[in-house]
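Structure first, then comments.
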Amino acid sequence: MERLINSKWIATVATIWIQCSVGGAYTFSIYSAILKSTQNYDQSKLSTVAVVKEIGGCTGVLAGLLYSFVTLDRHRSNAASRIRCFCGPWVVLMTGAILSFVGYFFMWASVVGLIHRPPVALMCLFMFTAAQSHAFSITAGLVTGVRNFPAHVGTIVGMLEGYLGLSGAILIQVYGTLFEGNPSNYLLFLAVFTPSVSLLLMYFVRIHDINSEDDKKHLNALSVAALIMVAYFMILIISENIFMVTMVSWVRIVTFIFLLLLLIPTPLGIAFKAQMEDTERLLLLQTFSTKPIISLKKISTSVVHDPMEYHDHELPVDTCQENDHDSTFDDILILQKDMNLQQAICTENFWLLFIAMICGLGTGVATIDNINQVGVSLGYTSTEINSLVSLLCIWNFLGRFMVGYVSDMFLQRRGLARPLFIAITQAALSVGYIVIASGFPKNLYVGMILVGACWGSQWPLLTTIISEIFGVTHLGTVFNTISIASPIGSYIFSVRVFGYIYDKAAASSGGDKNNSCSGTHCFMLSFIILAFFALCGSLIALLLFFRTRRFYNYVVLTRLRQSYKI
0 MERLINSKWI ATVATIWIQC SVGGAYTFSI YSAILKSTQN YDQSKLSTVA
50 VVKEIGGCTG VLAGLLYSFV TLDRHRSNAA SRIRCFCGPW VVLMTGAILS
100 FVGYFFMWAS VVGLIHRPPV ALMCLFMFTA AQSHAFSITA GLVTGVRNFP
150 AHVGTIVGML EGYLGLSGAI LIQVYGTLFE GNPSNYLLFL AVFTPSVSLL
200 LMYFVRIHDI NSEDDKKHLN ALSVAALIMV AYFMILIISE NIFMVTMVSW
250 VRIVTFIFLL LLLIPTPLGI AFKAQMEDTE RLLLLQTFST KPIISLKKIS
300 TSVVHDPMEY HDHELPVDTC QENDHDSTFD DILILQKDMN LQQAICTENF
350 WLLFIAMICG LGTGVATIDN INQVGVSLGY TSTEINSLVS LLCIWNFLGR
400 FMVGYVSDMF LQRRGLARPL FIAITQAALS VGYIVIASGF PKNLYVGMIL
450 VGACWGSQWP LLTTIISEIF GVTHLGTVFN TISIASPIGS YIFSVRVFGY
500 IYDKAAASSG GDKNNSCSGT HCFMLSFIIL AFFALCGSLI ALLLFFRTRR
550 FYNYVVLTRL RQSYKI
């Protein structure tokens, strides 16, 4: 029984449940209005709080450093139990739980008047703390998943990122069922629920050194369960907004219970079945000396070719150095060890990826944070806006999930480097912004589908590209460093573009005392600017694709083939 509980499949399901609970940042539109009214903010101040939320959620360098420290092999193999007791992903999850409670609790206390109205800077600190907790939870889940499934990085990252994107839709259902019209109580719920889930499940999230040849089959089963949940959400949205079905309280309770059945027993059943099959296979291995079980310790995170093949291009080096060799061969490397943060920063690929993420992630977050104001400007009801948020979360999930699976397939079958998919999705993202800027009837529904899918796909692509180019040893640190591009872009596009243009339009049209603005002129120029920068990001990603094509052909594909052969 202990073997069954302490398995990588139970670790995966526990990670899924944690990912589903940390989507409070995606539901900012639910409590942004009460923050604006109770704290007497204009749109620029509210946008500043939203940007700080993004900074907290994406500046997870401390989370990455902590994860690397508590999961290093020297700690796990240390004979001193006193040291081992404080090592493992659970340390990162517990830290995130503490930060989550502190941040959301003080935000709730400010809204209900339990404490005196804080200045904007202090509210930003509360928001930063709450969002920073998500970085710890996400880092612990994603990096553990990558380590547990090294041969299926795209699939596991896409699935976990997908559940993370779906978390917003799940919390929207919780709000509609339990807290409809009372966002202040919803803030208190976030302060209690999110850290409780992490504390209850952190024991099960561990790194396991055994892989099975059937891992892909079971990962696909978990993915199918997620797709069923997405179909369920789509039925609810269509029922409420197309067929105008009124969800009375008892109907909402029934639909919520059915959602819990999809979320809890289904993945758990798949995990138990997968672990039982792995256990039976292990018994056969011991009996017949076969080799269906793969030890991760035998799989190198790097590819060692014939030293004579590329001996002039050995990297990484300890410090930044000028490379006198032909730049077309810069990415064809013998990776003797994974790159740490200092070594990664010294590469051109790091900065190309960073700039592309400013354009892709920054514009997407600016759209998400301002969707409530855009909806109000176009005359959408609060129910329609909540449905838009759910729709955004659903397509956010589909984008995260599908791009991991599709990029894996094209990489393994066609040898296409993953940066190409960043270029494609950011080009489609610019189309979504043009659709929203057009202002035709129900345009937000079409725009949110494109924005949700294309913005969501950036995260699993970012994670997998970093693990393939820079290695998995310092994945958490490098990933969270490049993720800083998201809040940088969010500040530029949300505060300096959205906030400035919206407030100017509200003032020129004689807006009311709440600084409100009505009509497409409130945001059209903003979305045109976003579309331009998303297209620029697509071109930068295309440059990264051409730079890394040979690296993927000679290094990444060879690594994958070795993983399957062992």
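Okay, so the sequence shown: first residue is 0 according to numbering that gives the first Met the number 0, each after it adds one. Glycine included, C-beta positions come from ideal geometry on N, C-alpha and C.
Burial state of residue i, where buried means 16 or more other Cβ atoms lie within 10 Å
i       : result
Lys-441 : exposed
Ser-493 : buried
Gly-414 : exposed
Thr-70  : buried
Leu-334 : Residue confidence for Leu-334 is low, a pLDDT of 44 falling below 50, so the modelled location carries little weight and cannot support an answer.
Gly-144 : buried
Ile-234 : exposed
Ile-252 : exposed
Met-408 : exposed
Asn-181 : exposed
For residue i, the three-state DSSP class (helix, strand or coil)
i       : result
Glu-209 : As written in the sequence, residue 209 is Ile, which differs from the Glu given in the question. Strand, per DSSP.
Arg-116 : coil
Met-401 : helix
Ile-15  : helix
Glu-566 : Given that the chain is displayed from residue 0 to residue 565, the structure contains no residue 566 and the question cannot be resolved.
Phe-409 : helix
Gly-63  : helix
Glu-179 : coil
Ser-482 : coil
Tyr-40  : coil
Thr-557 : helix
Thr-476 : helix
Met-338 : coil
Tyr-185 : helix
Leu-226 : helix
Tyr-202 : helix
Arg-75  : Since pLDDT at Arg-75 reaches only 47, below the 50 mark, its modelled position is unreliable, and the value read off the structure follows with that caveat. Helix.
Val-69  : helix
Contact check, residue i vs residue j, beta carbons under 8 Å
i       : j       : result
Tyr-162 : Ala-129 : no
Val-364 : Ser-485 : yes
Trp-454 : Gly-398 : yes
Ile-367 : Tyr-185 : no
Ser-489 : Val-111 : no
Gly-164 : Asn-385 : no
Trp-107 : Ser-183 : yes
Ser-43  : Asp-502 : yes
Proximal residues to residue i (C-beta, below 6 Å), its chain only, five neighbours per side dropped
i       : result
Val-316 : Because the pLDDT of Val-316 is 40, which lies under 50, any placement of that residue in the model is unreliable, and the number read from its coordinates should be weighed accordingly. The answer is none, since no qualifying residue turns up.
Leu-541 : Ala-422
Ser-109 : Pro-117
Ser-248 : none
Gly-403 : Gly-153, Thr-154, Val-156, Gly-157 and Pro-459
Lys-216 : none
Own chain, CB closer than 7 Å to residue i, minus 5 neighbours either side, in chain order
i       : result
Val-196 : Trp-16, Ile-17 and Ser-20
Ala-273 : Trp-8 and His-217
Val-12  : Pro-266, Leu-267 and Ala-270
Bounding residues of the alpha helix (DSSP H) (the contiguous stretch that carries residue i)
i       : result
Leu-415 : Premise fails: Leu-415 is in no alpha helix (DSSP H) and is neither H nor E.
Tyr-444 : 442 to 468
Ser-99  : 88 to 111
Met-356 : 347 to 368
Tyr-30  : 27 to 37
Gly-536 : 523 to 550
Leu-499 : For the sequence presented, residue 499 should be read as Tyr rather than Leu. Per DSSP, Tyr-499 belongs to the alpha helix (DSSP H) from 499 to 507.
Thr-254 : 248 to 262
CB contact below 8 Å: residue i versus chain C
i       : result
Gly-102 : Given the protein chain composition of this structure (a single chain), no chain C is represented.
Other residues of its chain near residue i: CB distance less than 8 Å, five sequence neighbours each side excluded
i       : result
Leu-443 : Ile-370, Val-373, Gly-374, Leu-377, Tyr-379, Leu-387 and Ile-435
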